[in-house]
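J.: Here you go, one structure.
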C-alpha cells in the first residue's frame, strides 16, 4: 500500500431553495460561513471550502465584514473557493448553454473578487452527470472535478481518482470518495476515518480525500470533529492527516501522476 495522506476537506453543502424560502436559504450561507470563520480563528490549521458565487454575492452585499474575513483566509490559502458555478446546478439535465452560463458568471465573479477563478468543480449532491460535462469544464478552465453521487453501487469505478473524458476529447482529473458521503454526523468522524483507511488498502493511491462537516444544508465542521480528527491521527502515525481543500487534493493527485507514472487508468 502506498504511503497515505488523508486530505480532510471541510464543507457544508447548502441548497438555498430546497424546502425553505430562498432568503432563509441564502442567510443560512452567512450563518454557516460565520460559524466556520470563528472555528478557523480558534484552530489555525483548519481549512474550509465553499462554492456557489450566488452565496458569496449575498454575503458581500449583506454582511461585508464577514466577506472581508473570507477574503483574508482565501488569500492565506485556508478558505478554498471552489466549484466555478453560480449555484450548485443539477448536472444531469441542463442544456450546454445553461452549464456554460453557470461557469461564465461564476468564474467571472470569483476572478473579480479573489483574483483567480476556481480550477476544481464540485458536485456535492447531484445524482448524475451529463456525458459532455468535461467539455464544458475544460472550456471554463477547470482542471479537476469532485463529486459524491452516484455511488459505487450504481457506477463502479476502478479507483477513486480517474480521468473523465468527454466525447470531444477534453478530460478532467476526477475524484469520488471511496467511502461515505460529503459530510458526516456529529460523532461519525472516527468511524469514517477507519472506513477510509480500510478502503485505501484496496487502491494504490497516496492521496485520499475525506469530506467532513455537518450538513446537508449548512453547518460545516465542529469542535468535536476537530478533536476526533486529532485523536485519530495520533493513533495512526502511518497516515499523514492534513486539513486541505479540493484544490489541494487535486493538485496532490496531479503531482502523484507526475511522480509515480500512475495515470489512474
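Residue numbers (the working numbering): 115 to 379. In this text, a Cβ means the ideal position worked out from N, Cα and C, and glycines have one as well.
Applying the criterion that 16 or more other CB atoms from any shown protein chain within 10 Å of the CB defines a buried residue, is residue 241 buried or exposed?
T.: exposed
J.: With distances taken Cα to Cα, identify the nearest neighbour of residue 161 among 355, 130, 144, 224.
T.: 355
J.: Out of curiosity, what's the CA-to-CA distance linking residue 61 and residue 233?
T.: Residue 61 lies beyond the range of the chain shown here (115 to 379); nothing can be said about it.
J.: Pick out the complete beta strand (DSSP E) segments inside the segment 199-241, 3 residues or longer, and give them in chain order.
T.: 234-237
J.: Let me know the secondary structure DSSP gives residue 317 once reduced to three states.
T.: The answer is coil: DSSP assigns residue 317 none of H, G, I, E or B.
J.: Which term fits residue 251, buried or exposed, when burial requires 16 or more other beta carbons within 10 angstroms of its beta carbon?
T.: buried
J.: Which parts of the segment 139-209 are runs of the beta strand (DSSP E), unbroken and 3 residues or longer, counting only runs that do not cross its ends?
T.: 162-164, 193-195
J.: Going by alpha carbons, who is nearest to residue 313 out of 333, 291, 326?
T.: 291
J.: Could you tell me whether the Cβ atoms of residue 286 and residue 246 are closer together than 8 Å?
T.: no
J.: Thinking C-alpha only, which one of 134, 146, 121 is nearest residue 127?
T.: 146
J.: Return helix, strand or coil for residue 368, following the three-state DSSP convention.
T.: helix
J.: Smallest Cα separation from residue 348: which of 360, 307, 365, 317?
T.: Checking every option, the nearest Cα to that of residue 348 belongs to 307.
J.: Kindly indicate which three-state DSSP category residue 305 falls into: helix, strand or coil?
T.: Helix at residue 305.
J.: Tell whether a beta-carbon distance below 8 Å holds between residue 220 and residue 198.
T.: Contact flag set, yes.
J.: Round the Cβ separation of residue 201 and residue 166 to the nearest angstrom and send it over; I've been treating them as touching at under 8 Å.
T.: With a contact defined as Cβ atoms closer than 8 Å, residue 201 and residue 166 qualify at about 5 Å.
J.: Using DSSP with H/G/I as helix, E/B as strand and the rest coil, what is residue 273?
T.: The answer is coil: DSSP assigns residue 273 none of H, G, I, E or B.
J.: Do you know how far the Cα of residue 154 is from the Cα of residue 338?
T.: In a straight line, the C-alpha of residue 338 is about 14 Å away from that of residue 154.
J.: Select from 362, 296, 194, 211 the residue whose C-alpha is nearest the C-alpha of residue 229.
T.: 194
J.: Under the three-state reduction of DSSP, which class applies to residue 334: helix, strand or coil?
T.: strand
J.: Where residue 157 and residue 169 are concerned, what is the direct C-alpha to C-alpha distance, given to the nearest angstrom?
T.: Going from the Cα of residue 157 to the Cα of residue 169 covers about 24 Å.
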